[in-house]
Amino acid sequence: MILYSLRCSHDHHFDEWFSNSAEYDTRKAAGELTCPECGDKDVAKAIMAPNVGKSRPAPAPAPACGTPMGCGGCAFAGQH
Ligand SMILES: [Zn+2]
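Final position of the sequence shown in my numbering is 105; the numbers increase by one with none missing.
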C-alpha cells in the first residue's frame, strides 16, 4: 500500500491509500478521486518527499599529501 498526499485545486490537502501507483492513475482517470472537503475532482499528488531528485554530492577531493617525501610514498600516490 502507498499513502499519497493529495491536493485539490482549492489547495485542500488530504491523504489517500492506494495499492500501487497504477491504482492512483486508474482512479484519477475514472474521476473517483475527490477532495473530501469540497468534492473537487481536480486532484493531484502533492509534493511530499523533498529529498527525491536531489543530486548526489560531488566526491570529496583527495586529501593533501602529508608525507615529507612527496606523493610517491603516500596512500594517494598518483591522485594528486
Ligand atoms: Zn478541496
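A virtual CB, placed ideally from N, CA and C, is assigned to each residue, including glycine.
Nearest by alpha-carbon distance to residue i: which of the options is it?
i	options	result
Asp36	Pro88, Lys70 and Pro84	Lys70
Tyr29	Ala54, Val68 and Gly64	Val68
Ser34	Pro84, Ala102, Pro88 and Thr59	Thr59
His38	Ala83, Gln104 and Ile72	Ile72
Tell me whether residue i sits in a helix, a strand or coil according to DSSP, three-state version.
i	result
Ala54	helix
Ser46	helix
Phe101	coil
Ser30	strand
His38	strand
Ala85	coil
Lys66	coil
Are there any heavy atoms of ligand 1 lying less than 7 Å away from the beta-carbon of residue i, as far as the coordinates show?
i	result
Glu62	yes
Asp50	no
Asp65	yes
Please check the pair residue i and residue j, which I expect to be a contact at CB under 8 Å, by giving their CB distance rounded to whole angstroms.
i	j	result
Phe101	Ala85	At roughly 12 Å, the Cβ-Cβ gap does not stay under 8 Å, so Phe101 and Ala85 are not in contact.
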